[in-house]
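Sequences listed follow chains A and B, in order.
Position in the first sequence counted from 1, then plus 95, gives you this note's numbering.
Position in the second sequence counted from 1, then plus 246, gives you this note's numbering.
For every residue, glycine included, the Cβ atom is placed at its ideal position computed from N, Cα and C.
First up is the structure itself, then whatever we jot down about it.
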Amino acid sequence: MTNKMIEAENLTKTYKKTVKAVDHISFSVKEGELFGFIGPNGAGKTTTIKMLTTLASITNGTALVAGYDVCKDPAAVRENIGIVPQELTADDELKGAENLLLSAKLHHVPKDTARKKMKELLELLELEGAAQRQVKTYSGGMRRRLQLAMGLIHGPKILFLDEPTLGLDIQTRQNMWTYIRDLNREKGITVFMTTHYLEEADSLCDRIAIIDNGTIKLSGSPADLKGKLGGTILTIQLGNGADISTALWGIQDVTEVTKEGETYKIKLARTETALPAIVEMVTKKGLKLFDIALTKPTLDQVFLQITGNTMRDGATNGNAYGQRVLIERLK
Amino acid sequence: MFNDTLALTVRSLKKWVRNPAAIMPGLFMAVFWLALFGSSFNPLNLVPSQIGGTTLSPVLVQQIKSAMSSTFGGAANYITFLTAGVIVFTVIINMAYGGIDIVLDRQLGYLNSLLTSPISRASIFFSGAMQNFVKAMFVAVLTFVVALLLPNGLQVGAGFGILNFLGVFTAFALVTFGFGCLFSAVAFSVKVVDSLIAIINFLAFPLVFMSSAMFPLGTFPSWLKGIAEINPVTKAADTARLLIVNGNLSSSQLSTLSGNMLYLVVFAVVLAAIGYLIARRALKAE
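Right under this line is the structure:
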């Protein structure tokens with residue numbers, strides 16, 4: 096018995112023998128986990144989802160989803176997965192409820208069960224009032240929620256979310272996060288999601304893998320990854336030329352000190368003890384603090400360290416974009 | 247598989263019914279062909295009553311006219327001849343352009359959501375063909391009604407009854423279904439609408455002009471006639487005309503009718519199979 100919902104080994108996708116969209120990636124997702132793939136556009140996230148959901152063939156390697164081999168038993172995989180694609184695929188002319196019931200029908204869910212499940216999902220996603228309205232009257236956030244419901248109506252074991260909050264405003268995005276978190280925590284649905292928003296992965300995922308240029312650069316829990324940066328960074332600026340480096344090194348939980356002119360960057364293992372001690376030391380020496388700032392490590396910094404690119408650079412990176420266009424053309 | 251095909255067909259038809267304007271272009275085309283093109287031309291008016299000041303014998307004129315009329319399958323006027331041809335032309339064009347919905351489903355990601363659900367690929371293909379078929383047949387029936395309503399329009403033969411009507415529409419249905427499968431398969435195989443339109447124009451117009459849809463084969467050069475005779479468009483149009491012009495069929499006409507129908511059944515089945523094979527290839531994992 097395995098409790099792994101996804102097991103990918105050396106998964107590789109090459110388009111037309113030349114373009115490696117995904118290059119020998121291995122990872123696994125446990126039952127009940129919320130697992131995130133993060134990386135810039137063209138990194139290989141969507142291609143990976145396509146392979147795991149039977150849309151793209153696998154050039155090399157193997158993938159088991161819900162215990163079934165994606166290549167050998169695609170039909171069984173399709174029975175067990177729910178997908179919320181980047182595109183909004185609900186029909187504008189159909190009502191919300193009609194879209195949901197059609198999704199259920201295509202997954203061979205009995206009518207009664209489908210209706211019950213629909214009621215439950217509409218309630219959970221706060222769409223009850225809109226169910227009997229045509230989708231063309233929906234707002235962007237409602238469409239995303241309906242899409243989420245369509246991916247869940249047949250009670251899948253694993254939910255694939257491809258960029259679930261793309262193009263949503265901040266408030267709607269945070270609502271989506273709550274829904275996704277609830278589905279995972281309360282309903283126990285395993286979630287595999289891709290995103291290029293680091294704060295999204297940070298806020299939602301139990302574990303993440305950072306993917307760039309088709310390979311996994313690093314994986315672990317967001318806290319682990321941030322921990323690898325060595326804790327919080329305190330930046331202080333003094334105005335009167337005294338060098339306090341030695342004194343700083345003497346304080347407990349200070350792990351690194353770098354000085355640039357009057358500005359010190361100090362890595363702290365434990366903020367709550369080190370910060371008051373530093374302030375006290377500076378005051379005792381009769382020095383004046385011109386500026387003080389505390390930076391918690393973000394996934395952005397993790398990403399920067401690993402790929403040499405920030406996500407924002409990556410997102411507009413000419414090569415990544417070129418890669419996507421190339422793949423589209425080669426298909 | 248049947249239930250899935252039905253569910254998807256119903257989905258497309260619901261969208262269609264809620265946006266009835268979508269049917270107008272196809273219907274306009276048929277009406278213009280009949281009312282404008284059809285009314286402007288009547289071959290019987292080409293027979294002169296006098297040549298160089300000499301009046302022709304009315305008996306001779308009548309003989310020429312009836313000979314010409316028989317070239318046109320015995321039709322009372324050109325619209326009567328043309329109706330069957332225009333309907334076949336219309337369903338082919340409607341079906342070809344109906345493929346645009348299929349291409350859009352791919353572009354909007356809807357097709358992917360079908361491909362990742364546990365339904366057979368055959369359901370995806372046949373629902374594409376079926377929804378297209380139903381829409382085209384609806385336009386066909388409307389066109390037939392319009393032809394009947396036109397002044398000096400479609401004149402059915404004495405004894406034209408419900409069986410004739412059903413026979414006419416069986417012929418249309420078979421040719422529509424066959425081409426529906428072909429065009430849907432093409433639509434599943436292309437990625438953008440532009441390619442679809444290029445292929446439609448390349449296929450649809452020769453199909454119609456190399457047939458008896460607009461003019462009787464008697465006027466065709468022999469090379470074209472050879473092709474036109476085996477063209478399913480010809481078979482469908484001629485079969486429909488046979489039933490429209492003649493209310494009650496003679497036994498030789500009945501045997502022509504059953505031969506043509508058999509031909510059309512085989513055509514529909516073969517194109518459904520070919521269409522499915524093409525579509526299955528197009529729906530495979532990329």
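Within chain B, the residues Pro364 have their CB atoms less than 7 Å from the CB of A/Glu174, given in chain order. Within the segment 140 to 158 of chain A, those residues whose Cβ lies closer than 9 Å to any Cβ of chain B are, in chain order, Lys145, Met146, Thr148, Thr149, Leu150, Ala151, Ser152 and Ile153.
Under a criterion of Cβ atoms nearer than 8 Å, no residue of chain B is adjacent to A/Lys214; the nearest Cβ is some 20 Å distant. None of the residues of the segment 429 to 460 of chain B has a beta carbon lying less than 7 Å from any beta carbon of chain A.
Secondary structure remark: continuous alpha helix (DSSP H) runs of at least 4 residues inside the segment 278 to 335 of chain A, in chain order: 293 to 299 and 317 to 322.
Neighbours of A/Lys200 across chain B, judged by C-beta separation under 8 Å: Asn249, Asp250 and Ala253. Among the residues of the segment 293 to 324 of chain B, none has a Cβ less than 9 Å away from any Cβ of chain A. When DSSP states are grouped into helix, strand and coil, B/Ile520 belongs to the helix group.
Chain B places no beta carbon closer than 8 Å to that of A/Leu220, leaving this residue out of the contacts. Minimum Cα-Cα distance from A/Ala103 among the listed residues A/Ile253, A/Tyr359, A/Thr113 and A/Val124 corresponds to A/Val124. Buried is the label assigned to A/Pro317, since at least 16 other Cβ atoms lie within 10 Å of its Cβ. If you compare the alpha carbons of A/Met213, A/Lys206, A/Asp186 and A/Lys99 with that of B/Leu357, the shortest gap goes to A/Asp186. According to the DSSP assignment, A/Val179 belongs to the beta strand (DSSP E) that extends over Ile176 to Val179. By a beta-carbon distance limit of 8 Å, B/Phe434 contacts B/Ala528. Their separation comes to about 5 Å.
Take B/Thr317, set aside five residues on each side of it, and the residues of its chain with a beta-carbon closer than 6 Å to its own are Pro462 and Gly464, in chain order. Look at A/Asn105 here: in three-state DSSP terms it is strand.
Excluding its 5 nearest sequence neighbours in each direction, B/Ala276 has C-beta neighbours in its own chain below 6 Å: Val332, Thr336 and Thr389, listed in chain order. B/Ser366 sits exposed, since fewer than 16 C-beta atoms from the chains shown fall within 10 Å of its C-beta. In this structure, DSSP gives A/Ala388 an extended state, which the three-state scheme calls strand.
Secondary-structure assignment with DSSP links A/Ile133 through a beta bridge to A/Thr290 and A/Ile305.
Per DSSP, the continuous beta strand (DSSP E) segment holding A/Lys360 begins and ends at Thr358 to Leu363. It is roughly 12 Å from the alpha-carbon of A/His249 to the alpha-carbon of A/Leu243. B/Asp440: member of the alpha helix (DSSP H) spanning Val439 to Phe455, first to last residue. In the three-state scheme derived from DSSP, where H, G and I count as helix and E and B as strand, A/Glu221 is classed as coil. Linking A/Asn105 to A/Gly137 through their CA atoms gives a straight-line distance of about 19 Å. In this structure A/Ser340 is exposed. Its beta-carbon is surrounded by fewer than 16 other beta-carbon atoms within 10 angstroms.
Straight through space, the alpha carbons of B/Ala322 and B/Leu409 are spaced by roughly 21 Å. B/Arg257 has its alpha-carbon roughly 11 Å from the corresponding atom of B/Arg264. Contact annotation: in the segment 178 to 192 of chain A, residues whose CB is within less than 7 Å of a CB in chain B are Ile178, Pro180, Glu182, Thr184, Asp186, Glu188 and Leu189. Neighbourhood of B/Lys381 in chain A, by CB distance below 9 Å: empty, with the nearest CB roughly 14 Å away. Beta-bridge pairing by DSSP links A/Leu256 to A/Val179 and A/Met288. As far as DSSP is concerned, A/Glu375 takes part in no beta bridge. Residue environment: B/Ser359 is assigned as buried (16 or more neighbouring CB atoms within 10 Å of its CB, all protein chains considered). For B/Val402, the CB contacts under 6 Å within the same chain, skipping 5 residues up- and downstream, are Ile490 in chain order. Three or more pairs of CB atoms, one per stretch, sit closer than 8 Å, so the segment 415 to 429 of chain B contacts the segment 475 to 487 of chain B. Under DSSP, A/Lys99 shares a beta bridge with A/Lys125.
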